[in-house]
Ligand SMILES: NC(=O)c1ccc[n+]([C@@H]2O[C@H](COP(=O)([O-])OP(=O)(O)OC[C@H]3O[C@@H](n4cnc5c(N)ncnc54)[C@H](O)[C@@H]3O)[C@@H](O)[C@H]2O)c1
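In my numbering, the protein residues as written are 14 to 300.
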């Protein structure tokens with residue numbers, strides 16, 4: 014155990030699985046007292062008790078954090094249990110359907126708005142009065158999809174773009190109260206979502222995801238948690254309004270997506286201009 018979060022109290026939403034579990038365990042191993050928050054069916058109690066078994070401090074909170082009353086109860090739980098709140102990690106989120114927009118269901122769209130967008134809004138709103146008391150901070154889950162968009166789940170990218178713009182605005186607004194706000198933007202991470210067996214991606218999407226980043230593999234939940242740790246700690250005292258990508262370079266190397274383009278789009282148009290000097294070796298580079 015190290016002590017980069019010694020004395021801090023943190024809520025981690027979506028803390029029962031995937032990246033959230035890694036954040037909870039990382040934070041606890043660095044001395045934080047953690048509220049592991051998730052939906053009633055999430056294994057939040059298991060994660061809290063696993064932390065306790067290793068000598069860390071954690072309690073579980075079960076509730077739908079897109080609802081104002083339950084978001085408030087979650088913050089109260091932290092204050093009742095540990096006396097204060099220093100850190101809010103808005104990690105909860107869903108990725109339910111992959112489909113072309115023409116077939117994308119309104120139910121999935123509403124579901125993502127509720128769980129990716131409203132959770133961030135409600136939890137930030139509920140936590141801020143406590144965070145302001147302690148000059149705390151918020152770190153929210155973006156995604157490479159929130160920067161670049163993502164085909165066959167276009168609304169998901171939109172919800173993550175919301176989280177990015179929301180956090181930047183909040184950083185500007187809350188600086189006056191001493192509260193920092195940042196975003197972590199994961200690329201394809203090795204959780205249930207990015208496996209065809211356990212998520213909505215088909216075999217081809219799974220393969221493209223792995224090929225589309227510079228490192229040629231999924232990131233691990235722990236590699237993402239490491240960056241949450243830095244941003245939530247006092248070491249990041251001069252970092253606010255930032256988006257830290259943890260994406261294996263996917264935002265600068267989108268990979269072989271062009272191979273899938275429709276033939277009509279992948280043919281160069283002839284054009285009308287008489288261009289003689291584009292491809293004949295004339296260049297200013299080596300003159
Ligand atoms: N896995 C990836 O490749 C990836 C990539 C980019 C961004 N992200 C982001 O990271 C975060 C975690 O993703 P993950 O892969 O670990 O997924 P996950 O499904 O393992 O974890 C998300 C958790 O959030 C919980 N949750 C959802 N809605 C909630 C609500 N209303 N109230 C309380 N809890 C709620 C879920 O039940 C789940 O336990 C998400 O915000 C996601 O958008 C993940």
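Beta carbons: idealized from backbone N, C-alpha and C, even for Gly.
Since we're looking at a predicted model, the values are computed, not measured.
Exposed unless 16 or more other CB atoms sit within 10 angstroms - verdict on residue i
| i | result |
| --- | --- |
| residue 281 | exposed |
| residue 16 | exposed |
| residue 279 | exposed |
| residue 241 | buried |
| residue 169 | buried |
| residue 83 | buried |
| residue 52 | buried |
| residue 211 | exposed |
| residue 269 | exposed |
| residue 39 | buried |
| residue 284 | exposed |
Span of the alpha helix (DSSP H) around residue i
| i | result |
| --- | --- |
| residue 12 | Nothing about residue 12 can be reported from this structure: the residues present for the chain run from 14 to 300 only. |
| residue 36 | 31–42 |
| residue 252 | Counting along the chain, residue 252 falls outside any alpha helix (DSSP H), and DSSP gives it neither H nor E. |
Where the beta strand (DSSP E) through residue i begins and ends
| i | result |
| --- | --- |
| residue 257 | 256–259 |
| residue 101 | 100–103 |
| residue 15 | That residue, residue 15, is in no beta strand (DSSP E); it is neither H nor E in DSSP. |
| residue 150 | 150–154 |
| residue 195 | 193–199 |
| residue 75 | 70–75 |
| residue 96 | Unbroken run through residue 96: none, as it is neither H nor E. |
| residue 22 | 22–26 |
Pairwise C-alpha distance: residue j and residue i
| i | j | result |
| --- | --- | --- |
| residue 223 | residue 164 | 15 Å |
| residue 48 | residue 88 | 9 Å |
| residue 213 | residue 178 | 26 Å |
| residue 106 | residue 275 | 32 Å |
| residue 59 | residue 271 | 43 Å |
| residue 184 | residue 252 | 10 Å |
| residue 75 | residue 135 | 15 Å |
| residue 147 | residue 127 | 29 Å |
| residue 166 | residue 108 | 8 Å |
| residue 221 | residue 229 | 10 Å |
| residue 142 | residue 99 | 11 Å |
| residue 86 | residue 114 | 36 Å |
| residue 21 | residue 171 | 32 Å |
| residue 201 | residue 31 | 12 Å |
| residue 300 | residue 289 | With a pLDDT of only 48 at residue 300, under the threshold of 50, the placement of this residue in the model should not be trusted; the figure read from the coordinates follows. If you take the alpha carbons of residue 300 and residue 289, they lie about 18 Å apart. |
| residue 132 | residue 79 | 4 Å |
| residue 247 | residue 61 | 24 Å |
| residue 225 | residue 158 | 12 Å |
| residue 93 | residue 173 | 31 Å |
| residue 119 | residue 155 | 22 Å |
| residue 186 | residue 277 | 47 Å |
| residue 35 | residue 117 | 31 Å |
Residues of its chain near residue i, where Cβ-Cβ distance is below 8 Å and the 5 sequence neighbours each way are ignored
| i | result |
| --- | --- |
| residue 42 | 14, 15, 67 and 69 |
| residue 215 | 111 and 209 |
Own chain, CB closer than 6 Å to residue i, minus 5 neighbours either side, in chain order
| i | result |
| --- | --- |
| residue 138 | none |
| residue 56 | 29 |
| residue 180 | 153, 194 and 196 |
| residue 266 | 227 |
| residue 33 | 25, 27 and 104 |
| residue 44 | 16, 18 and 19 |
Contacts around residue i, its chain only, beta-carbon distance under 7 Å, and the 5 residues preceding and following it disregarded
| i | result |
| --- | --- |
| residue 175 | 130 |
| residue 236 | 259 |
| residue 219 | 207, 208 and 209 |
| residue 124 | 107 and 109 |
| residue 190 | 145 |
| residue 149 | 98, 99, 100 and 192 |
| residue 286 | none |
| residue 243 | 249 |
Contact belief for residue i with residue j at Cβ below 8 Å, rounded distance in angstroms
| i | j | result |
| --- | --- | --- |
| residue 264 | residue 161 | 6 Å |
| residue 182 | residue 256 | With a Cβ gap of about 13 Å, residue 182 and residue 256 do not count as contacting. |
| residue 102 | residue 23 | 6 Å |
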